[in-house]
Amino acid sequence: MGGGDMSYVGRMYFRLYLPAGLALAGGAIGAAALKAVQPAPGGLGTLSLYSNLPAWAFAAGIALALAIAGVQTVRLRLWDRGAIPGCYVCGCLLAPPRAARHGLGMARRCLGCGKLHGVNHYRLMPRLVPLPVAVKGAADAVRSVRSSP
Ligand SMILES: [Zn+2]
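In terms of the numbering used here, the sequence shown opens at residue -17 and continues consecutively.
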């Protein structure tokens, strides 16, 4: 798998890394808000000033963004190697399963073209895809046993 329409792949990358960008922005906004309350008298302002909360909020945003980006990069690599089944329309990665709107059980939205895929179909995919590979591997093993002295 892998490849597919370039515009869909671009959209997939954007949707994969968007949460990391939002985490970074959230950390920055949180840091700015905590910085803003520092001059204010009272609990939060004092706490923010003396335990340097803005820096912690910013660092937490960066750490969360890195964690999300790391997970998405692993998913992308597995997808690129064909370990994760993709959309059968455009070949892109699918979002985590969610309850479908019309009571059809769980479905996964394609990150590229946006098509909804029933989860039941994709439970079968990993078993169906490697079958020709397994048969070919067995045939090669038999051939190598026969040709060996
Ligand atoms: Zn798709």
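Using N, Cα and C, we set each Cβ at its ideal position, and we do this for glycine too.
Residue 67 and residue 60 have their alpha carbons spaced roughly 9 Å apart.
Linking residue -7 to residue 93 through their CA atoms gives a straight-line distance of about 7 Å. Taking C-beta atoms as the reference points, residue 79 and residue 89 count as a pair closer than 8 Å.
Per DSSP, the beta-bridge partners of residue 98 are 91.
Counting along the chain, residue 36 sits inside the alpha helix (DSSP H) bounded by residues 35 to 62.
Not one heavy atom of ligand 1 lies closer than 7 Å to the C-beta of residue 17. With distances taken between CA atoms, residue -1 lies nearest to 77 out of 77, 20 and 13. Partner residues in a beta bridge of residue -2, as assigned by DSSP, do not exist. In terms of Cα proximity to residue 18, the closest of 31, 9, 7 and 6 is 31.
Closest option to residue 3, judged by alpha-carbon separation, among 25, 40, 74 and 28: 40.
The straight-line gap separating the alpha-carbon atoms of residue 34 and residue 97 is approximately 46 Å. Between residue 36 and residue 16, the C-beta gap is smaller than 8 Å, which places the two residues in contact. Annotation for residue 101 indicates a beta carbon at 7 Å or more from all heavy atoms of ligand 1. The beta carbon of residue 13 sits closer than 6 Å to the beta carbons of 36, 39 and 40 from its chain, once the five residues preceding and following it are set aside; these are given in chain order. Relative to ligand 1, even the nearest heavy atom lies 7 Å or more away from the CB of residue 64.
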